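Undergrad:
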Amino acid sequence: MSEILVLVEHVEGEVKKVTLELLTLARSLGTPAAVWAGPGITAEAKAKLAEYGADKIYVAGSSDLADYVVAPKAELLAQLVSGKSPAAVLVAATAEGKEIAGRLAIKTDSGVITDAVGLGEGFVADQSIFGGGVNVHSKVRKGTPIVAVRPNSTAPVAAAGAGTEEEVPVTLSDAAKTARVVERVKQEKGARPELTEAAIVVSGGRGVGSAENFSVIEGLADALGAAVGASRAATDAGWYPHQFQVGQTGKTVSPQLYIAAGISGAIQHRAGMQTAKTIVAINKDPEAPIFELADYGVVGDLHQVVPQLTEEVDKRK
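Here our numbering = 1-based position in the sequence shown + 50.
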């Protein structure tokens, strides 16, 4: 089967969950080959990549790939596309991943698809476009298909691959070294999962009423082992930090379960969460647009419903 390149997302030598999802997806369409960019690969990381199907692991350990912003990774992938002629390249649809995909498309004269939530035979992608208003099937018609896939679009399934390591020398152009990383500040990781990678997300909106009342949303999230999100109305009001905003101008999530509490369901918010597998809406307005999208709806005051739901979840642990 044809080789499919998967760009590995990693932090301090640890492979991120989205990479395992991409390897699982690639395995259904060809032979996965993981691409590790930068120093720091460990035996544990190699074992994890092989566990989820990586037949080859291309390792480009040059520190230049970490010391400069985005462009070096695009050049690395372009060199691999030229030398290995893969059937496709898969990256995570993160802010960095989508920029890498766009740069790679230019370098290889290929088509690119971003924010895919599914990928089928012939590399036909499922996408939600126009602010989430239209679902389409898309296919690259030129060059090597480059697809940026949203986290949580595919459940990671282990299936051992050979995991053969191959060192890859990389030659970077001067243009790739114009933006250098001069400082890294480590953000302390909380107990909750990362918003874009969480399997469950509990979000609060205008109906929460205040910053203090977001403790109700956090309580349910903690009971479920979920991430906390917020609508634009809530973040603009200063009730919750902007980095947790879900929506067209915030973060896009595709969890297995999305609980929207006190969120009306404006198109701005829907664009960031409507690809969730199961959507539960809690709103006291029975005419709220969110109910048109929800799989399950509860008409009621979130300040009564959510604490009861949290209590029931705690009972079943």
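Where is the CB? At the ideal position from N, CA and C, for every residue including glycine. Small disclaimer: the values here were computed from a predicted structure and weren't measured.
Grab the span of the alpha helix (DSSP H) containing L99 for me, first residue to last.
TA: Sequence index remark: in the sequence shown, residue 99 carries index 49 (1-based). First-last of the alpha helix (DSSP H) with L99: A93 to E101.
Undergrad: Can you give me the C-alpha to C-alpha distance between A210 and A284, rounded to a whole angstrom?
TA: Numbered from its first residue, the sequence shown carries residue 210 at position 160. Numbered from its first residue, the sequence shown carries residue 284 at position 234. Taking the straight line from one Cα to the other gives about 44 Å.
Undergrad: At the level of alpha carbons, what is the spacing between R191 and G161?
TA: Residue 191 sits at position 141 when you count from the first residue of the sequence shown. Residue 161 sits at position 111 when you count from the first residue of the sequence shown. Taking the straight line joining both Cα atoms gives about 7 Å.
Undergrad: Mind checking R153: buried by the 16 CB within 10 Å criterion, or exposed?
TA: Counting from one through the sequence shown, the residue named residue 153 turns up at place 103. Buried, since its Cβ has 16 or more Cβ neighbours within 10 Å.
Undergrad: Is there contact between the stretch 201–221 and the stretch 122–137, where contact requires at least three CB pairs shorter than 8 Å?
TA: Touching, yes, given that three or more Cβ pairs across the two stretches are closer than 8 Å.
Undergrad: What residue from E53, K98, S78 and A93 has the CA that sits closest to T69's CA?
TA: Locating residue 69 in the sequence shown gives position 19, where the first residue counts as 1. Ranking the options by Cα distance to T69, first place goes to K98.
Undergrad: Do you know how far the Cα of P339 is from the Cα of Y346?
TA: On the sequence shown, residue 346 is found 296 positions in, with the first residue counted as 1. On the sequence shown, residue 339 is found 289 positions in, with the first residue counted as 1. C-alpha separation (whole angstroms): 13 Å.
Undergrad: If I follow the unbroken beta strand (DSSP E) through E53, where does it start and stop?
TA: As a working note, residue 53 is residue 3 in the sequence shown. Unbroken beta strand (DSSP E) run through E53: E53 to L57.
Undergrad: From G269 to L222, what does the alpha carbon distance come to, in whole angstroms?
TA: Taking the sequence shown and counting its residues from 1, one reaches residue 269 at position 219. Taking the sequence shown and counting its residues from 1, one reaches residue 222 at position 172. Taking the straight line from one Cα to the other gives about 48 Å.
Undergrad: For the alpha helix (DSSP H) containing G147, name the first residue and the last one.
TA: The residue labelled residue 147 in the question sits at position 97 within the sequence shown. G147 -> alpha helix (DSSP H) spans A145 to T158.
Undergrad: Grab the span of the beta strand (DSSP E) containing H292 for me, first residue to last.
TA: Counted from its first residue, the sequence shown places residue 292 at position 242. Neither: H292 is in no beta strand (DSSP E) and is coded neither H nor E.
Undergrad: Quick check on A175: does DSSP put it in helix, strand or coil?
TA: As a first step, residue 175 is located in the sequence shown; it is residue number 125 there, counting from the start. If DSSP states are grouped into helix, strand and coil, A175 belongs with the strands.
Undergrad: Leaving out five residues on either side along the sequence, give the residues of the same chain with a beta carbon under 6 Å from the beta carbon of I91.
TA: In the sequence shown, residue 91 corresponds to position 41, counting from 1. V109, listed in sequence order.
Undergrad: Just to check my reading of the structure: T360 and A273 have Cβ atoms closer than 8 Å, yes? What is that Cβ distance to the nearest angstrom?
TA: Residue mapping note: residue 360 aligns to position 310 of the sequence shown, counting from 1. Residue mapping note: residue 273 aligns to position 223 of the sequence shown, counting from 1. About 5 Å separates the two Cβ atoms, so the contact holds.
Undergrad: Out of curiosity, what's the CA-to-CA distance linking I313 and I107?
TA: Working through the sequence shown from its first residue, we reach residue 313 at position 263. Working through the sequence shown from its first residue, we reach residue 107 at position 57. I313 and I107: Cα-Cα distance of roughly 44 Å.
Undergrad: On the DSSP bridge list, what partners appear for N333?
TA: Counted from its first residue, the sequence shown places residue 333 at position 283. Bridge partners of N333: V349.
Undergrad: For a quick check, are the C-beta atoms of S260 and G279 less than 8 Å apart?
TA: Translated into positions along the sequence shown, residue 260 becomes position 210. Translated into positions along the sequence shown, residue 279 becomes position 229. No; because the gap between Cβ atoms is not below 8 Å, this pair is not in contact.
Undergrad: For E125, is the classification buried or exposed, using 16 other Cβ atoms within 10 angstroms of its Cβ as the cut-off for buried?
TA: As a working mapping, residue 125 is identified with position 75 in the sequence shown. Buried is the call here.
Undergrad: Tell me, which residues are paired with T214 by DSSP?
TA: In the sequence shown, the residue the question calls residue 214 occupies position 164. According to DSSP, T214 bridges with K106.
Undergrad: Using the beta-carbon count (16 or more within 10 Å), is D105 buried or exposed?
TA: Against the sequence shown, residue 105 aligns to sequence position 55. Result: buried.
Undergrad: For the stretch 293–309 against the stretch 225–243, do three or more pairs of beta-carbon atoms, one drawn from each stretch, fall closer than 8 Å, so that the two count as touching?
TA: Taking 8 Å as the limit for Cβ pairs, the verdict is that the stretch 225–243 does not touch the stretch 293–309.
Undergrad: My understanding is that A95 touches E62, with C-beta atoms under 8 Å, so please give their C-beta distance in whole angstroms.
TA: Locating residue 95 in the sequence shown gives position 45, counting from the first residue. Locating residue 62 in the sequence shown gives position 12, counting from the first residue. About 10 Å separates the two Cβ atoms, so there is no contact after all.
Undergrad: By how many angstroms is the C-alpha of R366 removed from the C-alpha of D176?
TA: The count along the sequence shown starts at 1 and reaches residue 176 at position 126. The count along the sequence shown starts at 1 and reaches residue 366 at position 316. When rounded, the distance between both Cα atoms is 36 Å.
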